[in-house]
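One structure below.
Number of protein chains: 2
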Amino acid sequence: MVRWQPDARGRLEQAAMALYLERGFDQVTVADIADRAGLTERTFFRYFADKREVLFGGSVALSDRLVAAAAEAPAGLSPLDVLAAAFDDAARTFFGDGAERPRGRQAVIDAHPGLQERELIKLATLSTVLAGALRDRGVAEPAASLAAEAAVAVFKNAFARWLEGAEGADLAPILSRAFAEMKAVAAGR
Amino acid sequence: MVRWQPDARGRLEQAAMALYLERGFDQVTVADIADRAGLTERTFFRYFADKREVLFGGSVALSDRLVAAAAEAPAGLSPLDVLAAAFDDAARTFFGDGAERPRGRQAVIDAHPGLQERELIKLATLSTVLAGALRDRGVAEPAASLAAEAAVAVFKNAFARWLEGAEGADLAPILSRAFAEMKAVAAGR
């Protein structure tokens, strides 16, 4: 019989992140993580395929939410504004609890070239998926791909600024500013 | 005494690309490449650090050229137009011999996830370098980073369209169109 674990996933995440920051990603095993969380390795593998997925598992949920929000955005918005609305929604849904945990995750990734590569791949995949979401709204190529690339670039930029902490505790207003700045850059201002 | 090799580098590149396409990147050794080119492994390593560098060695020259062209672009251009001018210069300098060889290179990369990752990293690095080139011209952040990301996205998009072959034999006009399309997307058209 499987005993019910109160928030086992959250405990595993917290334990993994603390260990990655203390020792570096490569020096941490799944056994270490389970041990720190007071759970078994078997429980770990109920939630995560491997220790890398603790860092990147959220990207599928983020991508799904962005696609859903893009589909539901009001008709008549420009392609870039559709994605601005979708990222605004995702910023509030996924990153409303402050920058502290994302900042820890970023520190782990920044310390490890292999994880940086993984992050780049996730962002490239996100761009491809968002271009598809725009095409589903009837946006033609190359506008769909260019808007998706621009939006992901804006998100990357705003996210990094949010983690730096100088522009306030909320991601959404930084994102909104960054979209406006991208428009200004493209307009040649 | 080292015997002078007429265009040894070119012969090695050609041999490597042919073998990568025939057998797949992982199934080719440096010995195979040298053999096909009628040269020694030692000669190979005079030109390339490893067999991956045959595919990616050009990216440093491209990056250097873009930085130099960005520095020389006329004063008064917007950040995005500075990079449009730099990419136009690079398109004519590096990709003036038609799409056939770049198309072969792309086919090798597309068949291999590890090489795709390497390509993403090179593009991310290029974006970082170009943001620095804009800052050297006095462009402030976040405009420098956003313009660089947008320009690299445009280049990626135009390059892929060039390889598809439906828009003509020259990269430069496709690039110029793609920059205009990015501006239109950002302007909400």
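These protein sequences, in sequence, are chains A and B. If you count the first sequence from 1, position 176 lands on 176 in this note's numbering, and the numbers rise without skipping. Counting from 1 along the second sequence, just add 1000 to a position and that's the residue number in this note's numbering. Cβ atoms here follow ideal geometry from the backbone N, Cα and C, with glycine treated the same way. Bear in mind the structure is a predicted one, so any value in this text is a computation, not a measurement.
Its chain contains Gln1116 as the residues whose beta carbon lies nearer than 8 Å to that of Asp1110 (chain B), once the 5 sequence neighbours on both sides are disregarded; these appear in chain order.
Contact annotation: in the segment 1077–1092 of chain B, residues whose CB is within less than 9 Å of a CB in chain A are Leu1077, Ser1078, Pro1079, Leu1080 and Asp1081.
In this structure, DSSP gives Asp50 (chain A) a state outside helix and strand, which the three-state scheme calls coil. Look at Leu146 (chain A): its C-beta is under 7 Å from a C-beta on chain B.
Take the alpha-carbon of Pro1074 (chain B) and the one of Val1082 (chain B): they are about 8 Å apart. In the structure shown, Phe1159 (chain B) falls within a helical segment according to DSSP collapsed to helix, strand and coil. Contact of Ala1153 (chain B) with chain A by beta-carbon distance below 7 Å involves Leu146, Glu149, Ala150 and Ala153. A:Leu12 is the residue among A:Leu123, A:Phe155, A:Ala184 and A:Leu12 whose C-alpha sits nearest the C-alpha of Phe48 (chain A). Annotation: Pro173 (chain A) has no Cβ neighbours in chain B at a cutoff of 9 Å; minimum Cβ distance is about 14 Å.
About 14 Å separates the Cβ atoms of Ala61 (chain A) and Ala86 (chain A), ruling out a contact at the 8 Å cut-off. By the neighbour-count definition (other C-beta atoms within 10 Å, threshold 16), Thr1043 (chain B) is a buried residue. The C-beta separation of Val154 (chain A) from Ala178 (chain A) comes to about 5 Å, placing the pair in contact by the 8 Å criterion.
In terms of CA proximity to Phe1095 (chain B), B:Ala1158 leads the group B:Ala1144, B:Ala1158 and B:Leu1123.
From the listed residues A:Ala34, A:Ile33, A:Asp7 and A:Val67, the smallest Cα separation to Gly132 (chain A) is found for A:Val67.
Using a 10 angstroms sphere on the CB of Arg105 (chain A), the tally of other CB atoms reaches 16 or more, which defines it as buried. Secondary structure note for Thr1040 (chain B): it is in no alpha helix (DSSP H), with a DSSP letter that is neither H nor E. Under the three-state reduction of DSSP, Ser78 (chain A) is assigned to coil, being neither helix nor strand. Within the model, the alpha-carbon separation for Ser63 (chain A) versus Glu149 (chain A) is close to 14 Å.
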